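To get the numbering used here, take the position in the sequence shown, counting from 1, and add 2. Think of the CB as a built atom: it goes at the ideal place given N, C-alpha and C, for glycine as much as any other residue. Quick caveat, the model's predicted, so the values are computed rather than measured. Report on the following structure.
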Amino acid sequence: MRRVLTALGCALSLAACAAPPGFDDEAGRAGPAFGTATRDNVIAHSSASEGLRVNLARQFAAEVDTTITFAFDSAQLDANALAVLQRQAAWIRRYPELRFRVYGHTDLVGPASYNQALGLRRARAAVAYLVSQGLDASRLEAVASFGETRPLIATTDPERANRRTVTEVSGFVRGHPNLLNGKYAAVIFEGYVESAVPESTLGEGGSGGDGVEAAAP
Numbered sequence: 003m004r005r006v007l008t009a010l011g012c013a014l015s016l017a018a019c020a021a022p023p024g025f026d027d028e029a030g031r032a033g034p035a036f037g038t039a040t041r042d043n044v045i046a047h048s049s050a051s052e053g054l055r056v057n058l059a060r061q062f063a064a065e066v067d068t069t070i071t072f073a074f075d076s077a078q079l080d081a082n083a084l085a086v087l088q089r090q091a092a093w094i095r096r097y098p099e100l101r102f103r104v105y106g107h108t109d110l111v112g113p114a115s116y117n118q119a120l121g122l123r124r125a126r127a128a129v130a131y132l133v134s135q136g137l138d139a140s141r142l143e144a145v146a147s148f149g150e151t152r153p154l155i156a157t158t159d160p161e162r163a164n165r166r167t168v169t170e171v172s173g174f175v176r177g178h179p180n181l182l183n184g185k186y187a188a189v190i191f192e193g194y195v196e197s198a199v200p201e202s203t204l205g206e207g208g209s210g211g212d213g214v215e216a217a218a219p
């Protein structure tokens, strides 16, 4: 329990120290009330930002299907893909400070160079649809395709599961999150809670190592 309370204190302290009350600047741009950053402040902020990105990436993957699949030799979005992308767009709208990358993949049928281009077309098709849902294109990136190099299923046969795009949280707009926003502080806290070990389980059972019973005094 002490670890959970300590984690909450860390999250709240981070939010409190990010800026004085009333700060409402654009994410990633220090307002005039900020002092000169020290090396320790920069390191702490970078570490907090990366931890927040990781937690948000996990939350995105847990709450939304991050993958869509395609027909053979196609970058056309079918009805299932459109439904998934609509849910992704709704989630992405909730976090305007976040940036995303869409990675394109193919199966192992056909020349590698062709599949590289095909995977990129698939990534661009997904990004184009997300933008059509009202998202800012500057927050979405269709990266160079992985082509056929990262199959989910190791087979040289046509395999739909390998013909896919994957959407991931890649970072923050201008490189910095708005840590004053309560929902981001909550994400930080939830990450600490999930990694915490309940204190009541420590030292119980009289064990002195893996399966070795502690000797009596």
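- Residue environment: PRO153 is assigned as buried (16 or more neighbouring CB atoms within 10 Å of its CB, all protein chains considered).
- Using a Cβ distance threshold of 8 Å, GLU170 and ARG103 count as a contacting pair.
- Every beta strand (DSSP E) of 3 residues or more that sits fully in the segment 48-74 is shown, in chain order, as 69-71.
- With contacts defined by Cβ atoms closer than 8 Å, LEU132 and ALA91 form a contacting pair.
- In this structure THR167 is in contact with ARG124, their Cβ atoms being roughly 5 Å apart against a cut-off of 8 Å.
- The DSSP-derived three-state label of VAL168 is strand.
- No Cβ-Cβ contact shorter than 8 Å links ARG126 with VAL175.
- Beta-bridge analysis with DSSP links TYR105 to VAL168.
- Short of 8 Å from the beta carbon of GLN78, and not among the five residues preceding or following it, lie these beta carbons of its own chain, in chain order: PHE72, ALA127.
- Under a 10 Å Cβ-count criterion, ILE94 is classified as buried, with 16 or more other Cβ atoms of the shown protein chains found around its own Cβ.
- Separation of ALA139 and TYR105 (C-alpha to C-alpha, rounded to the nearest whole angstrom) is 15 Å.
- Secondary structure of ALA77 (DSSP, three-state): coil.
- Cβ contact annotation for VAL129 (same chain, cutoff 6 Å, sequence separation greater than five): VAL104, LEU142, ALA144, in chain order.
- For SER147 against GLY121, the beta-carbon gap comes to about 3 Å, under 8 Å, which counts as contact.
- In the DSSP assignment, ALA144 falls within the unbroken beta strand (DSSP E) covering 142-144.
- Counted as a single uninterrupted DSSP element, the alpha helix (DSSP H) harbouring TYR131 occupies residues 114-134.
- Contact annotation, ALA81 with ILE70: C-beta distance approximately 11 Å; criterion of less than 8 Å not satisfied.
- For the options PRO98, ASN117, GLU65, the alpha carbon positioned closest to that of ARG89 is the one of GLU65.
- By the neighbour-count definition (other C-beta atoms within 10 Å, threshold 16), VAL86 is a buried residue.
- Distance from the Cα of TYR97 is smallest, within the candidate group PHE62, GLY53, THR157, ASP109, for PHE62.
- LEU100 carries a strand assignment under DSSP once its states are collapsed to helix, strand and coil.
- For PHE174, the pairing in a beta bridge is given by DSSP as LEU100.
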